[in-house]
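What the sequence shown shows, in the working numbering, is residues 350 to 749, in sequence order.
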Amino acid sequence: MPVAVHVLGLSVFALGTSEFMLSGLLQPIARDMGISIPRAGLLISAFAIGMVVGAPLLAAATLRLPRRTTLITLLVVFGLGQVAGALAPTYEVLFASRVVSALACAGFWAVGAAVAMSLVPVNARARAMAVMVGGLSIANIVGVPAGSLLGQHAGWRAAFWAVAVMSAVGLVGVVALVPRTAPATGKDRPRLGRELRIYADKQVWLTVLTIALNAAAVFAVFSYLAPLLTDVAGLKESWVPTVLALFGLGGLVGTVIGGRISDGRIFGMIYAGVAASSVALALLALLSRNAVAATSLALLLGVTAFMTAPALNARMFEVAGAAPTLAGATTTSSFNIGNTVGPWLGGLVISAGWGYQAVAWTGTALAVAGLAATAAASRSAKVNRRRPVLASSAGADPLR
350 MPVAVHVLGL SVFALGTSEF MLSGLLQPIA RDMGISIPRA GLLISAFAIG MVVGAPLLAA
410 ATLRLPRRTT LITLLVVFGL GQVAGALAPT YEVLFASRVV SALACAGFWA VGAAVAMSLV
470 PVNARARAMA VMVGGLSIAN IVGVPAGSLL GQHAGWRAAF WAVAVMSAVG LVGVVALVPR
530 TAPATGKDRP RLGRELRIYA DKQVWLTVLT IALNAAAVFA VFSYLAPLLT DVAGLKESWV
590 PTVLALFGLG GLVGTVIGGR ISDGRIFGMI YAGVAASSVA LALLALLSRN AVAATSLALL
650 LGVTAFMTAP ALNARMFEVA GAAPTLAGAT TTSSFNIGNT VGPWLGGLVI SAGWGYQAVA
710 WTGTALAVAG LAATAAASRS AKVNRRRPVL ASSAGADPLR
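What follows is the structure, given as structure tokens:
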């Protein structure tokens with residue numbers, strides 16, 4: 350892997366820490382702001398909504414701008430968003446800071462993925478995306494638990510300050526090590542109209558649906574994992590960072606597995622990961638009152654959730670290869686549609702009085718729907734591969 354890809358993964362570590370750390374900070378934020386847990390959970394959805402909207406908009410707006418300059422600008426805006434969150438006097442200001450940070454994060458993901466894809470050969474794309482997704486996994490191992498610890502001992506605002514510092518480190522890395530790329534000219538010059546044509550492809554939308562359902566299944570549970578562990582499994586709040594770290598460790602293992610196996614076996618990896626997530630979520634729903642089982646299943650869910658990420662990213666670039674920037678943006682939006690819907694559905698279940706345990710059943714149902722979407726996408730891909738052969742056969746001379 351080129352060193353620039355690893356630098357992008359380092360930057361994603363800061364972005365991912367900000368995106369996921371609220372799962373361990375919901376209780377301190379709710380207490381400090383005087384709001385309910387489900388309302389605090391909307392801060393997770395706010396970030397995800399910003400990602401959904403921001404990825405395609407910023408990808409389109411920056412399509413002809415130098416990619417390195419775009420990455421630097423977005424990291425600066427992201428860091429300022431973290432500072433605004435740390436200083437937020439009200440829930441509304443904190444909510445707005447999450448949206449602004451998410452817009453910058455979305456743009457960075459979209460452009461960064463396109464840069465990573467451009468730096469490696471086609472047969473190494475899943476491995477390149479595994480490096481970037483690995484930044485998320487390490488964020489879950491180190492960043493999210495550290496944010497939870499800071500929230501418990503130094504106040505939740507300290508976690509935002511820490512992410513602002515990490516984004517500054519990532520900025521230095523991008524400035525120093527990500528190469529400048531010469532702008533494309535002639536027929537290779539990016540054109541928005543040409544890239545938008547990918548949305549006429551049914552396989553792109555099936556991939557969007559598969560990604561969104563897979564993410565929603567995991568985030569319906571992960572967003573409320575801290576109260577599930579304390580209120581249902583009976584763990585002390587001080588144990589929450591440890592379990593979150595285990596989830597992140599599982600995510601790193603899953604990312605490595607997915608990155609190693611996905612190239613050439615994309616659908617096989619997606620099937621395996623989503624099916625395994627379905628089983629892990631169902632077991633969590635059944636066994637969440639047992640602290641050991643809940644902790645073990647959090648680790649397993651991390652593995653299964655992140656196994657599919659390199660394959661899902663590579664699949665989107667496979668079906669939308671003519672539009673690499675919008676392909677990255679669409680993947681980012683797809684994951685975050687799930688990251689929006691999952692916490693929202695989880696909050697509805699909790700507000701209905703069904704308890705935190707029912708959130709795991711919600712995740713299970715979403716994962717099963719993800720399996721159905723994967724099957725539909727696989728069938729569509731097989732039909733598309735057969736069409737050139739059928740067309741050739743139809744045009745052949747029957748007497749030959």
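C-beta atoms are modelled at their ideal positions from N, C-alpha and C, and glycine is treated no differently.
Query raised in the report: Can you name, in chain order, every residue of its own chain whose Cβ lies under 8 Å from the Cβ of I386, other than the five neighbours on each side?
Result: Counted from its first residue, the sequence shown places residue 386 at position 37. Result list for I386: L375, Q376, A379, Y573, P576 and I699, in chain order.
Query raised in the report: Where does I487 fall in DSSP's three states?
Result: On the sequence shown, residue 487 is found 138 positions in, with the first residue counted as 1. The answer is helix: DSSP assigns I487 an H, G or I state.
Report task. Identify the continuous alpha helix (DSSP H) that holds V426 and give its terminal residues. Result -> Here residue 426 corresponds to residue number 77 of the sequence shown, with the count starting at 1. Here the alpha helix (DSSP H) through V426 covers R416 to L436.
Report task. State whether the region 455-468 contacts the region 389-409, with contact taken as three or more CB pairs (one from each stretch) at a distance under 8 Å. Result -> yes
Query raised in the report: Distance, Cα to Cα, D381 vs E586?
Result: Looking up residue 381 in the sequence shown gives position 32. Looking up residue 586 in the sequence shown gives position 237. Distance between the alpha carbons of D381 and E586 is about 16 Å.
Query - Own chain, CB closer than 8 Å to A594, minus 5 neighbours either side, in chain order - result: Your numbering for residue 594 matches position 245 in the sequence shown. Only N489, I490, V491, V493 and P494 meet the Cβ criterion.
Query raised in the report: Mind pulling the alpha helix (DSSP H) runs of 4 or more residues that sit fully within the region 625-701?
Result: 640-656, 658-668 and 673-700
Query raised in the report: Skipping 5 residues on each side, what residues in its chain have a beta carbon closer than 6 Å to that of T680?
Result: The residue labelled residue 680 in the question sits at position 331 within the sequence shown. Counting only Cβ-Cβ distances below 6 Å, and skipping sequence neighbours, we find N662 and M665.
Query raised in the report: Going by C-alpha distance, which of V518, A561 and T422 is nearest A453?
Result: The residue labelled residue 453 in the question sits at position 104 within the sequence shown. Measuring from the Cα of A453, the nearest candidate turns out to be T422.
Report task. Determine the burial state of P590: buried for a count of at least 16 other Cβ atoms within 10 Å of its Cβ, exposed for fewer. Result -> To locate residue 590, count along the sequence shown from 1; it is residue 241. Flag for P590 reads buried.
Query - Span separating the alpha-carbon of G634 from that of G622 - result: Walking along the sequence shown from the start, residue 634 turns up at place 285. Walking along the sequence shown from the start, residue 622 turns up at place 273. Residue identity differs from the one stated: residue 634 is Ala in this sequence, not Gly. A634 and G622: Cα-Cα distance of roughly 18 Å.
**Report entry** Alpha-carbon spacing of G323 relative to L359, whole angstroms
**Finding:** Lying before the first or after the last residue shown, residue 323 is absent from the chain, which here runs from 350 to 749.
**Report entry** Simplified DSSP assignment, three categories, for K585
**Finding:** As a first step, residue 585 must be located in the sequence shown, where it is residue number 236. Coil, per DSSP.
Query raised in the report: Going by beta carbon distance, what residues of the same chain come within less than 6 Å of F616, once the five residues before and after it are set aside?
Result: Counting from 1 along the sequence shown, the entry for residue 616 is found at position 267. The residues are S727.
Requested in this report: Kindly indicate which three-state DSSP category Y548 falls into: helix, strand or coil?
Outcome: Looking up residue 548 in the sequence shown gives position 199. Y548 falls in the helix class under three-state DSSP.
Query raised in the report: Can you tell me where the alpha helix (DSSP H) with Y440 in it begins and where it stops?
Result: For the purposes of this step, residue 440 is taken as the residue at position 91 of the sequence shown. Counting along the chain, the alpha helix (DSSP H) containing Y440 begins and ends at Y440 to S467.
Requested in this report: To the nearest angstrom, report how far apart M350 and V518 are at their CA atoms.
Outcome: Against the sequence shown, residue 350 aligns to sequence position 1. Against the sequence shown, residue 518 aligns to sequence position 169. Approximately 21 Å, taken between the alpha carbons.
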